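2 protein chains.
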Amino acid sequence: MASPRSTRPATEHACSIHRSLDLLGEKWSLLIIRNALRGQSRFSEFRDELGIPSDVLTARLGTLVEAGVLERRSYREEGARERFSYHLTERGRSLKLVLIALQQWSDEYNPFPGGVVSVVQEVGTGRHASLALVSDDGDLLDEAAVEIARGPAARTW
Amino acid sequence: MASPRSTRPATEHACSIHRSLDLLGEKWSLLIIRNALRGQSRFSEFRDELGIPSDVLTARLGTLVEAGVLERRSYREEGARERFSYHLTERGRSLKLVLIALQQWSDEYNPFPGGVVSVVQEVGTGRHASLALVSDDGDLLDEAAVEIARGPAARTW
DNA sequence: TGCCCTAACTTGGCAATTCCAACTGAGGGT
DNA sequence: ACCCTCAGTTGGAATTGCCAAGTTAGGGCA
Chain A
1 MASPRSTRPA TEHACSIHRS LDLLGEKWSL LIIRNALRGQ SRFSEFRDEL
51 GIPSDVLTAR LGTLVEAGVL ERRSYREEGA RERFSYHLTE RGRSLKLVLI
101 ALQQWSDEYN PFPGGVVSVV QEVGTGRHAS LALVSDDGDL LDEAAVEIAR
151 GPAARTW
Chain B
1 MASPRSTRPA TEHACSIHRS LDLLGEKWSL LIIRNALRGQ SRFSEFRDEL
51 GIPSDVLTAR LGTLVEAGVL ERRSYREEGA RERFSYHLTE RGRSLKLVLI
101 ALQQWSDEYN PFPGGVVSVV QEVGTGRHAS LALVSDDGDL LDEAAVEIAR
151 GPAARTW
């Protein structure tokens, strides 16, 4: 890997949302992570399943590894040479919430006419799960009553 | 407005996440929505605050209105001509969860060195709020125990 | 009537990103 | 020595985004 030295913004925005989007807002990033959550890890899996151009895939995997979202691991299949695969880190797995938020939004306001293709559920029980806002002591909060407000270090957001 | 006839994908993906990203994954879209949640509504506010090129802003506002995320409303300031502003619809406001997810992720794994610029809190009380996964009867679920799984209509996700 | 002002856009040209298809390269098997 | 696979590269076209300058539609004011 000749390390295409990713050319993403060097400046770290004060706004957290902006920082997230600098990394995740590039085309294909979140879809790669979605597929990784489904258990995919190889270059060819991502490429074939997503239809992403291989040069772009190379660039994205590099960026995501650099950001600590994916981890590059070597593997070796029976009677084949050593190759590399890409696995979610803790940090990457925690993007599950972002993906669930995106999925819930589409399902609620723009559902697929062909039926429900993907569900969010508890592993053992299969109970349906959904996103909610809670206080630190676990009370469920009304979404409309929660705001994104300026914090202590806010200057211009 | 000559309606630049947005050229986004005509095909609706079966995958909800993919559908969300077709709309929201374009550069600036989520930042526009973030600023709208902060109460901004005018072309010049978005342009000046975000530093987004005005032609791109025009295109994005058009796309978001078309998608029902924003609503174009006319307003008139004391002694000025009629102009238009852009306001979140119900559908747009519900993207709050997506933005909170993005913010929480950055704050947890890549916090701003200068301190907390933005917080998520309940309006009346100022209590800190955070995203969680809950079952339909309101039980809090462990994030690690929740998966995005194939639904009844799944063919190839 | 005509001129100025403002805020919402357009336009044109250039830069960066993405797309696509074809190609390379590092081993391992035969 | 040659073939096979899979992870990438490479080169060129197309799309998207950026930037600065211009346009437009009224309302106020002279």
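Respectively, the protein sequence lines represent chains A and B.
According to full-length UniProt numbering, the residues represented by the first sequence are 1 to 157, in order.
According to full-length UniProt numbering, the residues represented by the second sequence are 1 to 157, in order.
The beta carbon of each residue, even a glycine, is placed where N, CA and C say it ideally should be.
Values in this document were obtained by computation on a predicted structure and should not be read as measured data.
Once you ignore the five residues that flank residue i on each side, which residues in its own chain have a CB closer than 6 Å to its CB?
i	result
Leu50/B	Leu31
Trp105/B	none
Leu23/B	Ala67
Which of the three DSSP states is assigned to residue i in this structure?
i	result
His13/B	coil
Val69/B	coil
Val123/A	coil
Phe43/B	helix
Leu95/B	coil
Arg60/B	helix
Met1/B	Note that Met1/B scores a pLDDT of 41, beneath 50, so its modelled location is shaky; the value from the coordinates is reported in the next line. Residue state, collapsed to three classes: coil.
Ile148/A	strand
Glu129/B	One point to set straight first is that residue 129/B is Ala, not Glu, in the sequence displayed. Here Ala129/B sits in strand by DSSP.
Glu77/A	coil
Arg38/A	coil
Arg19/B	helix
Glu82/A	strand
Between the options, which has its C-alpha nearest residue i's C-alpha?
i	options	result
Leu57/A	Leu70/A, Asp107/A and Phe43/A	Phe43/A
Val98/B	Arg73/A, Ile52/A and Ile148/A	Ile148/A
residue 240/A	Thr156/A, Ser130/A and Ser41/A	Past the edges of chain A, shown from 1 to 157, lies residue 240/A, and the structure says nothing about it.
His128/B	Glu143/A, Asp55/A and Lys27/A	Glu143/A
Asp137/B	Asp137/A, Asp136/A and Ser130/A	Ser130/A
Leu21/A	Ser94/B, Asp107/B, Asp55/B and Arg38/B	Asp107/B
Val69/A	Leu37/A, Arg76/A, His13/A and Arg155/A	Leu37/A
Glu12/A	Asn35/B, Arg19/B and Pro111/B	Pro111/B
Ser94/A	Arg73/B, Ser85/B and Ala132/B	Ala132/B
Val117/A	Arg72/B, Glu77/B and Arg155/B	Arg155/B
Ser74/A	Ser85/A, Val65/A, Leu64/A and Arg81/A	Ser85/A
Arg34/B	Ile17/A, Arg81/A and Val65/A	Ile17/A
Take residue i and list the residues in its own chain whose beta-carbon comes closer than 8 Å to its own, dropping the five residues that flank it on each side.
i	result
Val134/A	Leu140 and Leu141
Thr125/B	none
Leu102/B	Leu30
Trp28/A	Leu50, Ile52, Val56, Leu57 and Arg60
Val119/A	His128
Taking buried to mean at least 16 other C-beta atoms within 10 Å of its own C-beta, is residue i buried or exposed?
i	result
Lys96/B	buried
Ala153/A	exposed
Gly115/A	exposed
Arg19/B	buried
Glu26/B	buried
Ala14/A	buried
Gly39/A	exposed
Gly92/B	buried
Note down, in chain order, each residue of its chain lying with its Cβ closer than 7 Å to the Cβ of residue i, except the 5 sequence neighbours on either side.
i	result
Met1/A	Legend: pLDDT at Met1/A = 42, less than 50; position of this residue unreliable, value from coordinates given subsequently. Within the same chain, Met1/A has no close Cβ partners at all.
Arg47/A	Ser54 and Leu57
Val146/A	Leu133
Review point. Between the stretch 19-30 of chain B and chain A, which residues of the former have a C-beta closer than 8 Å to a C-beta of the latter?
Key: Arg19, Ser20, Leu21, Leu24, Gly25, Lys27 and Leu30
Review point. Given a limit of 9 Å on CB to CB distance, which residues of the stretch 89-106 of chain A reach chain B?
Key: Glu90, Arg91, Arg93, Ser94, Leu95, Lys96, Leu97, Val98, Leu99, Ile100, Ala101, Leu102, Gln103, Gln104, Trp105 and Ser106
Practice item. Could you run through the stretch 42-68 of chain A and flag, in chain order, every residue whose CB is less than 7 Å away from some CB of chain B? Key: none
Exercise for review: With 9 Å as the C-beta to C-beta threshold (strictly closer), list the residues of the stretch 129-144 of chain B near chain A in chain order.
Suggested key: Ala129, Ser130, Leu131, Ala132, Leu133, Val134, Ser135, Asp136, Asp137, Gly138, Asp139, Leu140, Leu141, Asp142, Glu143 and Ala144
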